[in-house]
Amino acid sequence: VPKGCFVGVRVGEVLKQRRLDSRSASYTFPKPDTKMNAKIDVYQHVGSGSVVIDPKFFTTDEVSIRCHDVLMQNIRLQVTSQVAQASAEEGAGVVEEQCQRRQAAQEENKESALTYLTVHGIEQTR
346 VPKGCFVGVR
356 VGEVLKQRRL
366 DSRSASYTFP
376 KPDTKMNAKI
386 DVYQHVGSGS
396 VVIDPKFFTT
406 DEVSIRCHDV
416 LMQNIRLQVT
426 SQVAQASAEE
436 GAGVVEEQCQ
446 RRQAAQEENK
456 ESALTYLTVH
466 GIEQTR
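The numbering of the sequence shown is the working numbering, which starts it at 346 and goes up by one.
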């Protein structure tokens, strides 16, 4: 596998991406309702560029992507950005969901740490 590749795993509508690591990679997806295939893609990074996103304005910019391979021409993209307006109820629901996920992750981390301490016979002292 060429150096600097990324892997993308899609299950249903959920896509997870990360740098390809030959040692290990674990992905967690929502439980599907039915049997389905997971699509796995390997990508190679060819270049980078950036654009300023201002939530106050609808903008269209031309972005030049500098390619790492000198044999490739730079890539030009036209990028349009605009803020999606969410209702107050939708915004509150998203915040509540994020808080619940954060609390669940904290509890899971705490349980994992306590299990580690127990398994390795480590006692807490004060």
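Glycine residues also receive a C-beta, built at the ideal position from the N, C-alpha and C atoms. Predicted, not measured: the structure shown is a model, and the values here were computed from it.
Closest Cα partner of residue 382 within the set 456, 350, 360, 468: In the sequence shown, counting from the first residue as 1, residue 382 sits at position 37. Nearest option by C-alpha distance: 360.
Three-state secondary structure assigned by DSSP to residue 450: Within the sequence shown, numbered from 1, the residue matching residue 450 stands at position 105. The answer is helix: DSSP assigns residue 450 an H, G or I state.
Neighbourhood of residue 386 by C-beta, 6 Å cutoff - its chain only, sequence neighbours within 5 removed: What you label residue 386 is simply residue 41 of the sequence shown in a count that begins at 1. If we look at residue 386 and ignore the five residues flanking it on each side, its Cβ neighbours are 353.
Those residues which DSSP pairs with residue 384 across a bridge: As a working mapping, residue 384 is identified with position 39 in the sequence shown. Looking at the DSSP assignment, residue 384 forms a beta bridge with 355.
Endpoints, the beta strand (DSSP E) within which residue 422 is located: On the sequence shown, residue 422 is found 77 positions in, with the first residue counted as 1. Element bounds for residue 422: 420-426.
Cβ-Cβ separation, residue 413 to residue 391 (assumed contact under 8 Å), whole Å: As a working note, residue 391 is residue 46 in the sequence shown. As a working note, residue 413 is residue 68 in the sequence shown. With a Cβ gap of about 6 Å, residue 391 and residue 413 count as contacting.
Where residue 391 falls: helix, strand or coil (DSSP): Your numbering for residue 391 matches position 46 in the sequence shown. DSSP places residue 391 in the coil class of the three-state scheme, outside both helix and strand.
Cut-off 7 Å between Cβ atoms - residues of its own chain near residue 365, not counting five sequence neighbours on either side: In the sequence shown, counting from the first residue as 1, residue 365 sits at position 20. Only 346, 350, 351, 352, 387 meet the Cβ criterion.
Residue of 368, 376, 363 minimising C-alpha distance to residue 357: Position 12 of the sequence shown holds residue 357. Out of 368, 376, 363, 376 has the C-alpha closest to the C-alpha of residue 357.
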